[in-house]
Structures are given as C-alpha cells and as structure tokens.
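One structure is given here, and the rest of the page talks about it.
Residue numbers (the working numbering): 1374 to 1660.
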C-alpha cells in the first residue's frame, strides 16, 4: 500500500512538472529580423511573447550573408519578418518566403539618402544606391519602431501590452533624440571624419557634416587624401572613426598622418541606443 502511494505521488509530481513546464523554445512563436540592431526594437514591443531571431549573426557581414537551410524553413514559420528593405540580401530573401505579406520594411516613411554601399540595392526608379544605415539615427529609429508596432498591432489588435510597450519605447527614443541634439549643439562640432559612411542619417538629423575618407566604396585618391588630411590637421581633428567590419591598418595610417586616434565603432551592435550614445561621445570628443 505504501509503495502504491509513493508511486502515485511520484506520478503526480511528474505530471505537475510537465504541466508547469513552459513552452519549449522550438514551440514558441517566432519573429525574424534581418540584422542585429533591429532585434531590440522588436523585443521592446513584444516582450517575451515571441522568440526574436536574427538572420545575420554577430560578426557576419550583410554583404556576404547567405541563408542557411534551417533559416529558410524558419522564415516560413515566422509570424513576421522585419528588415530595412534596402539591403541586397533582404531582397534575395523574399524569393525564399512563400507569404511575402509578412515581410515588413521598416524603412517605410524614411526619406532615403543616396549611397554607394556595395550591399545596397538601387531603389526602383533610381539609378543610384540607397544608404541603408537608418538605424544609426534616433529620429529614423522612431519611424522604424512605429512601423514594427503597426505590423504587430495588425496581427494582435487586442493586445494592450504591445501598445504600452511601444509607447514607452517611443518616449525613450524621443528623449535619446533630444539628448543627442543638445549635446551636439553644446559641443559646437560641425563635422566628424569617418572611413565608411555609416552615419549619414545621423548627420542629417543633427545638421553635422559626415566627412568620408572612402570614395564610392574604394580607397581615396592620393590628392583627395592629402586634402582631407590637411583639413583635419587645420581643424585639430582628434578622432577618426571607422567600422569594426573594416581592416584597421589602413585607417591607422591615415589617423597617424592626421595626428589623430583611430576609434572603432560597430553600427551593427545589438544595443542600438547605447551604441548611438557611445558614437555621440566620440563625435563630441573628436575636436
């Protein structure tokens, strides 16, 4: 009798354990984002209700990225797929997804800036490429967050929590925008120097000039480089920015000629808000 009671008790514990176990990660509903900086925006809206996966893993380049077979399967299972809308690999991704209506371009409503980045597809009706780095500007981030929220709200219109989270995110991005605008105004910085044009929308938003070393995706000519170095010396530029995805050696030589420090930034960092603040610190300290 005692053994029977023990067996029943163990059985109940096992059942309780199974019943109390949270859904496995595999069973949880998924949302995909194309690049790492987009994950935080989406997670801030949906909380823990979805598994938010990133197509391009940390350290990988969007320029050379190719979908894995597992990602192709997961993309069809995902509730939504968020991208910038101006990256080549995102366009290629569309051909792999049966239901294209769930692919949301977060650039909707952002005024594009022409660019020569090799990983950017030219817009329809345009002969030039489009600079895709909209997530480096808080003002564009607000538009992107609104686009993400609208898509999520369309699927789940009765979820008040998503609305509340989005509104909190928008307030935070508004504060970030105001903080950066005030810091740049107080600093008096009129321009900054960077190897690759990763901060074009940031520069537009705050009325500062982005002086780019690279010329149409290539190393600058000797004459152009000499002019840039002379300008930087004349204005006492202390910092030359470059992306972590680019080799440091070339930038370090140029920085040495200027008499400045080369400082690495990563526009593809996951914590996009903290990253923007860190970049602002460097820009403010660049002169």
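Every residue, glycine too, gets a C-beta built ideally from N, C-alpha and C.
Cutoff 6 Å; reference residue i; Cβ partners in own chain excluding five residues on either side
i	result
residue 1427	1406, 1409, 1412
residue 1617	1637, 1639
residue 1625	1635
residue 1336	For the chain, the structure presents residues 1374 to 1660; residue 1336 sits outside this window and is missing.
residue 1462	1435, 1438
residue 1522	1418, 1539
Beta-bridge partners of residue i, as assigned by DSSP
i	result
residue 1634	1612
residue 1589	DSSP lists no partner for residue 1589.
residue 1487	1503
residue 1453	1404
residue 1477	1455
CB of residue i within 8 Å of CB of residue j, strictly
i	j	result
residue 1573	residue 1486	yes
residue 1608	residue 1660	yes
residue 1634	residue 1628	yes
residue 1476	residue 1454	yes
residue 1480	residue 1457	yes
residue 1646	residue 1549	yes
residue 1483	residue 1441	no
residue 1402	residue 1452	yes
residue 1518	residue 1610	no
residue 1460	residue 1431	no
residue 1340	residue 1612	This structure gives no information on residue 1340, because the portion of the chain shown stretches from 1374 to 1660.
residue 1447	residue 1471	no
Neighbourhood of residue i by C-beta distance below 8 Å, restricted to the same chain and skipping five residues each side
i	result
residue 1419	1404, 1425, 1525, 1535, 1538
residue 1652	1509, 1572, 1575, 1614, 1638
residue 1473	1467
residue 1582	1563, 1564, 1565, 1576
residue 1597	1588
residue 1363	The structure shown does not extend to residue 1363, since the chain spans only 1374 to 1660, so no value can be given for it.
Residue i CB to nearest heavy atom of the ligand NAD below 7 Å
i	result
residue 1451	Only the bare structure without any ligand can be found here, which leaves the ligand NAD out of the picture.
Contacting residues, own chain, Cβ-Cβ under 7 Å from residue i (five flanking each side not counted)
i	result
residue 1606	1631, 1632
residue 1417	1538, 1542
residue 1554	1579
residue 1654	none
residue 1395	Because residue 1395 sits at a pLDDT of 43, beneath the cut-off of 50, its placement in the model cannot be relied upon, and the following sentence gives the value as read from the coordinates. No residues qualify anywhere along the chain.
Measuring CB atoms only, is the segment 1531-1546 touching the segment 1562-1582, in the sense that at least three cross pairs come out at less than 8 Å?
no
Could you name each continuous beta strand (DSSP E) segment of 3 residues or more that falls completely within the segment 1388-1450, going from the start of the chain to the end?
Restricting attention to beta strand (DSSP E) runs no shorter than 3 residues, the segment 1388-1450 encloses them at 1403-1406, 1424-1427, ordered along the chain.
Sequence ranges, alpha helix (DSSP H) only - wholly within the segment 1498-1585, length at least 4:
Whole alpha helix (DSSP H) segments, 4+ residues: 1511-1528, 1533-1560, 1573-1579.
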